[in-house]
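4 protein chains.
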Amino acid sequence: MARPRRVGILTSGGDCPGINAVIRAVTKCCLGEGMDVVGIRDGFLGLLERSVMPLTDEDVAGILAQGGTILGTTNRANPFRLAVEEGGQTVWRDVSDQVIENYFSLGLDALVCVGGDGSMAIAAGFLDRGLNIVGVPKTIDNDLQQTDLTFGFDSAVANAADAIDKIQTTAASHHRVMVVETMGRYAGWLALTAGLASGGDIILIPEIPFDPGALCEAATATSRRGKRFSIVVVAEGAYPRGGEQVVARRVKGSPEPVRLGGIGGKVGQLIEENTDREARVAVLGHLQRGGSPTAYDRVLATRFGVAATDLIRAGSFGQMVCLQGANISSVPIASVVGEPRKVPYDHPLVSAAHRLGVSFGEPGGGPARR
Amino acid sequence: MARPRRVGILTSGGDCPGINAVIRAVTKCCLGEGMDVVGIRDGFLGLLERSVMPLTDEDVAGILAQGGTILGTTNRANPFRLAVEEGGQTVWRDVSDQVIENYFSLGLDALVCVGGDGSMAIAAGFLDRGLNIVGVPKTIDNDLQQTDLTFGFDSAVANAADAIDKIQTTAASHHRVMVVETMGRYAGWLALTAGLASGGDIILIPEIPFDPGALCEAATATSRRGKRFSIVVVAEGAYPRGGEQVVARRVKGSPEPVRLGGIGGKVGQLIEENTDREARVAVLGHLQRGGSPTAYDRVLATRFGVAATDLIRAGSFGQMVCLQGANISSVPIASVVGEPRKVPYDHPLVSAAHRLGVSFGEPGGGPARR
Amino acid sequence: MARPRRVGILTSGGDCPGINAVIRAVTKCCLGEGMDVVGIRDGFLGLLERSVMPLTDEDVAGILAQGGTILGTTNRANPFRLAVEEGGQTVWRDVSDQVIENYFSLGLDALVCVGGDGSMAIAAGFLDRGLNIVGVPKTIDNDLQQTDLTFGFDSAVANAADAIDKIQTTAASHHRVMVVETMGRYAGWLALTAGLASGGDIILIPEIPFDPGALCEAATATSRRGKRFSIVVVAEGAYPRGGEQVVARRVKGSPEPVRLGGIGGKVGQLIEENTDREARVAVLGHLQRGGSPTAYDRVLATRFGVAATDLIRAGSFGQMVCLQGANISSVPIASVVGEPRKVPYDHPLVSAAHRLGVSFGEPGGGPARR
Amino acid sequence: MARPRRVGILTSGGDCPGINAVIRAVTKCCLGEGMDVVGIRDGFLGLLERSVMPLTDEDVAGILAQGGTILGTTNRANPFRLAVEEGGQTVWRDVSDQVIENYFSLGLDALVCVGGDGSMAIAAGFLDRGLNIVGVPKTIDNDLQQTDLTFGFDSAVANAADAIDKIQTTAASHHRVMVVETMGRYAGWLALTAGLASGGDIILIPEIPFDPGALCEAATATSRRGKRFSIVVVAEGAYPRGGEQVVARRVKGSPEPVRLGGIGGKVGQLIEENTDREARVAVLGHLQRGGSPTAYDRVLATRFGVAATDLIRAGSFGQMVCLQGANISSVPIASVVGEPRKVPYDHPLVSAAHRLGVSFGEPGGGPARR
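Okay, here's the thing in structure tokens:
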């Protein structure tokens, strides 16, 4: 295959600190190799609507430290099944042909797709239809298969830990239980890591359904050990044993209020009703995905961007870059689509937490020390 | 009067960045003057229960930068009307005699009371009963009478503005309306100042009930001006014209979930239902009162602490220190009790916001430019 | 006078957090009033070279939180005395006629000049020549006459206090004296305020020449009081009694190394040579003027920008906006040129520091407690 | 061997964000296992002087987020060669027998030594003499053998990158070259990583001696590419080809001023003398090792602390915990003593930097793109 001369890049799904570092690295590397770079706006939607912009050194100067994505993004544009309003009704259309036509008419030889599970599924669909795509993994939840880490996760942990640090001063001053709800619908990576980083006493994650009695016992245990407050870190997808997940799914026309019956509130209520402790609840929400990426994420995202350009140079389409141990590598895009990557019970961070006396709300205190 | 030899200090009501700076300044100044300092734990409760600790230079070393209060606090302990559980019922008791007895038996000659409106009311009660009290104003909402500013407010503004900065990257990347609910039940100082500091497009405060139609028009106006997202900053006490405040009051046994029907969610719903924009809601909550105080607040709180010691030296009991313009002064404690200080419609910050095109949800756009 | 239709804005002198907030406020207010706004690049140099750009709502979107100035600046371009290389030599030229010609040929009806003492002197010169100028004060050192505060100062204090907080952990762990040199050639506002905000034990400012013996005594006094480390905050313009200022002036071709004989190093050496304490020195330098402005500065700079537009609307040329107490006001530009505003010995912050036991290196400990 | 019942812990060498997280984890884990924990003050000096404190859950509550070390440290106390003042002279004494005697008389069964290269050498000496030591690696420079990362490094990178971000706004506003000198005497890990994280244009590290001509060319190249400023990140141990390292070694009685002839200043001078660009120099210094550890470092340090306790439980003395890839492991303490771990020329970060067009001052631009 001839070497690509024009490379497109799009960012898809929820925004995430570090996306701009990927865009910058891809742009600088491709330009350095003599390739043109075309930025595609708002994910696959931009490819459908031919909403694009050339990317130059100047466009990417100063974006390394910026959160979000200069290209825009959306998590509502699957070209294989696009929601279209027609005659007052929503119908689903396959507009993939148009996307493919535009890919070629824009003169693209390759496409870098920065996205998560859903975006990789779309990318896999276009790979089957002949587009030259390489993937860059992006998920704030760190629950994508085949990569130890995704950029944005360290920033989300930092944001969450910083928030918990702040909330802790109130907890300590008022001798309260503070319940902090983090992101993480399917996997508890963020709650677990931020909880460890901020000295959380109790950490509830979807992978370890909690026992309400054990939770309440743990929430009062800290006062028996002399400390008069506790911090409970709850992933939004956590749920009680035998119960079910109360993750609020947003439906169109019903904004965040729906969220408000989330697990954080329920845990706070549980503690107030079953103990003598006063509880307050904080839902961290969008804060976690905002702001300037951490230095760690800037470097990781930059390395991912460089590696994506390497894949393009090598003609290794259909691959997604990933981090395995300390090394950047790549795996087939198709291999990451599907189930989220969950926290295994024997993960070193879970064991470390147990050793430190952190409770996961397990009956009998789990393997934790008594 | 003989010069005081033993000074007590207590912190009462919600915690607030900068309290420790007051404690440190009072301690260092009093010790420097040859007086003893007694720290009283958990507000007036500590005086009731004789839960005290001597304060030394060493105790206050390194606390200047710490949020919260090393003395602990509570907002549930009015000695003139204390909730006591008796026979399964809550009864209200006047335990002020015990507090007064302890004040004298602890050998206190003066008492520094760091607190807000409610705490100053209690202080006023004890003043009438002969205790030598000086007040230091503390309210995150900045709605205390007679002082231009209270410490903690600048930190709360900084926390809120920082959070809005972070949320803005998501708003811009997704072209969304982001609704951010701040503290401020009775006064809009925090929402107004943080909104101005973070470039909010719409600011809703209790002092200017908003028109839902005007709000929705303003939320879409930004897209007509080329910008494809907006930030709506809403004080928790904001409410629609003709409607009523939906500030959730916490009742015992019903934690934050109650909060969840707050105005932020309602505003988000209003916008999604009446415009074509996607909205998300973030409730900043306890984050705003946490963390290390800003340099500004550390200096202001330190000056308040020094001034409180000056009042004690001068025997000027019954006074509360305050900031008027750039000067530290003092006013009678009794004069600050009662109505919260509200944002006047002709306040320079409101006018500045109008001039910048910020909407307060006023019908016809208010005096704002068209 | 007819109402201005085209307003220019330039930023001159050292950069400072908050300049962009002024640019944004002026732009939004002027556009809102139906005026055009022209951004002039690199201070008066841009007016000389007709290097300008129209400013729109879009240009100023998102700049509120950015440090520096989007217009660029220089502190080497006085049109009344411009250094020009000619035949290998530097000659000084008066190019003010060209600047005036360009002002008119660009169709400017008014000019907002954001700058410090030097820039206001230049502005005063052009006022005399008929240009319609309004001033916005800008100095990181807060040493401009007639205004209680300039934007950027609060950010510099925050940056310095944050740095001192960080350095303190090393000082405490190693039981060292840490000497931290801040900006402030002629006035000690920054060292004084940041020193108070970060719990400095010794603060040395140009207004209070220090006694080397008293300094060394103070540096060891903290260990006698149980604390085993001290923080010395030194303004770069501080100097010993009877000695002279060692502020390094940069000469062309001799970059920062010149700085290295600064007062911070000398103070460290003094302490190591005359006490048994180990000392380390940190020169904060450019860090202090960098980064995103604090919320406080964003609001102050915004208010200044709005007020500057008010002056233009009113035709009140020759005025500089200022802060007096809590109020925005204005004064004649000519009245601020000349001597820097110094810290008076009886300033409340100096008194507060004395009361807290802070040493200014005064012999006999000054009025400080013993 | 019987299971240890009393575990000592000491922290030695320069302080570093995350040490307290290790202390906390060791304390909580050991207490959880029924062992006593003894904190030893100021490194091996505390063992010499029997300056110790019991460590309880309460002592380590709230220290996770604190920089520095609550135990104190020193980098001037090698018991095998201790500097002692005698008769006005410094003589070197071997006091190791006393240390060993105290170890046993304090009833210690095991000792956790948190330190760097020098501390591990001391630990190795005591291992040979029969003490039960496990090591936890600590170096801000990340140049310790056998571990991919040491805690504190991520925090130092974050501090440096944050500082460079701030300095960048000045560089951009003034169109200057800013030279930023970071720590790193023998290895360039910090300069390289922080330089990548903050978009440095030129990175100079000890492992790649720079060519002055190539450096000056690179410093002006950015203006040819449209960007009018550059950031040069210099490790303190960088030096020109054919020249020699100018790392200032502190000698007793000559504090930081010695530092002032460092490489940062020389690079700035070089650029000003050989190009038409204006340069400024910032020496980051102690800032880099201060402040609260990043979330990443808190977790890594916690994991190290847990792993150290595991080694103690297993009786695996003489081992140092380490990070290899994503896994915590351990290596013989003796194997890490000696040469620092340097950045190999083919390291992925160096290659990534080359690909992005970063110059290392290599003649001909090195393998970088032209």
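Chains as they are written, first to last, in the working numbering: chain A, -11 to 358; chain B, -11 to 358; chain C, -11 to 358; chain D, -11 to 358. Every residue, glycine too, gets a C-beta built ideally from N, C-alpha and C. Note that the coordinates shown come from a computational prediction; the quantities given were computed from them, not determined experimentally.
Measuring only between beta-carbons, confirm whether residue i sits less than 8 Å from chain C.
i	result
Ala159(B)	no
Cys18(B)	no
Lys154(D)	yes
Gly6(D)	no
For residue i, tell me which candidate among the options has the shortest Cα-Cα distance.
i	options	result
Lys254(B)	Leu203(B), Ala295(B) and Arg277(B)	Leu203(B)
Val325(C)	Thr127(C), Gly55(C), Val294(C) and Gln312(C)	Thr127(C)
Leu344(A)	Ala289(D), Glu350(D) and Gly352(D)	Ala289(D)
Gly231(D)	Ile7(D), Leu272(D), Pro200(D) and Asn120(D)	Pro200(D)
Val167(C)	Arg173(C), Gln156(C) and Ser161(C)	Gln156(C)
Pro371(D)	Leu311(A), Ser218(A) and Arg117(A)	No statement about residue 371(D) is possible, as the shown extent of chain D runs from -11 to 358 and does not include it.
Gly368(A)	Gly104(A), Asp30(A) and Thr170(A)	In this structure chain A extends from -11 to 358, so residue 368(A) is not present and cannot be described.
Val40(A)	Pro194(A), Phe292(A) and Ile58(A)	Ile58(A)
Phe292(C)	Thr44(C), Gly6(C) and Leu119(C)	Gly6(C)
Gly252(C)	Pro328(C), Glu73(C) and Gly225(C)	Gly225(C)
Asp142(A)	Met308(A), Gly278(A) and Asn120(A)	Gly278(A)
Gly50(D)	Ser218(A), Ser339(A), Tyr333(A) and Gly303(A)	Ser218(A)
Val63(D)	Met108(D), Asn90(D), His163(D) and Val10(D)	Note on identity: in this sequence residue 63(D) is Asn, with Val being the wrong assignment. Checked all of Met108(D), Asn90(D), His163(D) and Val10(D); the closest Cα to Asn63(D) is Met108(D).
So residue i contacts chain A; which residues on that side make the cut at Cβ distance below 7 Å?
i	result
Val271(B)	Val271
Asp142(D)	Tyr284
Taking 8 Å as the threshold (beta carbon to beta carbon), is residue i in contact with chain A?
i	result
Met166(B)	yes
Asp24(B)	no
Ala202(D)	no
List, in order along the chain, the chain B residues whose C-beta lies closer than 8 Å to that of residue i?
i	result
Ala146(A)	Within chain B, no residue comes near Ala146(A); the closest Cβ sits about 11 Å away, beyond 8 Å.
So is residue i in contact with chain B if we call contact Cβ pairs under 8 Å?
i	result
Pro245(A)	With a pLDDT of 36 at Pro245(A), under the threshold of 50, the predicted position of this residue should be treated as unreliable, though the coordinate-derived value follows. So, interface residue.
Ile(-3)(C)	no
Ala322(C)	no
Residue i touches chain B at which residues, Cβ-Cβ below 7 Å?
i	result
His162(A)	Asp3, Thr61 and Thr62
Ala151(A)	Leu275
Gly313(C)	Gly313 and Ala314
Shorter than 7 Å, the distance from the beta carbon of residue i to the closest heavy atom of the ligand PLP, or not?
i	result
Gly256(A)	This structure simply doesn't include the ligand PLP, nor any ligand for that matter.
Chain D partners of residue i, CB-CB under 7 Å?
i	result
Asp136(A)	Ala314
Counting only Cβ pairs nearer than 9 Å, list the residues of chain C close to residue i.
i	result
Ala13(B)	Ala340, Arg343 and Leu344
Using a C-beta to C-beta distance shorter than 8 Å, which residues of chain A count as neighbours of residue i?
i	result
Pro336(D)	Arg291, Asn315 and Ile316
Determine contact between the stretch 254 to 267 of chain D and the stretch 278 to 289 of chain D, defined as no fewer than three beta-carbon pairs at a distance below 8 Å. no
Could you say if the stretch 74 to 87 of chain D and the stretch 17 to 25 of chain D meet the contact criterion of at least three C-beta pairs nearer than 8 Å? Fewer than three pairs of CB atoms, one per stretch, sit closer than 8 Å, so the stretch 74 to 87 of chain D makes no contact with the stretch 17 to 25 of chain D.
Scan the stretch 270 to 296 of chain C for residues whose Cβ lies nearer than 7 Å to a Cβ of chain B and list them as they occur along the chain. The stretch 270 to 296 of chain C vs chain B, Cβ under 7 Å: Thr282, Ala283, Tyr284, Arg286, Val287, Thr290, Arg291 and Val294.
Contact between the stretch 131 to 148 of chain D and the stretch 177 to 192 of chain D is defined here as three or more beta-carbon pairs at a separation below 8 Å; is this criterion met? yes
Members of the stretch 48 to 78 of chain A that neighbour chain B once the beta carbon cut-off is set at 9 Å: Gln54, Gly55, Gly56, Thr57, Ile58, Leu59, Gly60, Thr61, Thr62, Asn63 and Arg64
Chain B contacts from the stretch 172 to 193 of chain A (Cβ-Cβ distance under 7 Å): none
Listed in chain order, which residues of the stretch 91 to 107 of chain B have Cβ atoms closer than 8 Å to some Cβ of chain A? Residues passing the 8 Å Cβ filter: none.
If the cut-off is 7 Å on Cβ atoms, which residues from the stretch 338 to 352 of chain B count as contacting chain C, listed in chain order? Ala340, Arg343, Leu344 and Gly345
So does the stretch 140 to 159 of chain A actually touch the stretch 185 to 197 of chain A, counting three or more Cβ pairs closer than 8 Å? yes
May I ask you to verify whether the stretch 4 to 17 of chain A touches the stretch 63 to 71 of chain A, counting CB pairs closer than 8 Å and requiring at least 3? With a cut-off of 8 Å, the stretch 63 to 71 of chain A and the stretch 4 to 17 of chain A do not count as touching, because too few Cβ pairs lie within range.
The stretch 313 to 325 of chain B / the stretch -8 to 4 of chain C touching (three or more Cβ pairs under 8 Å): no
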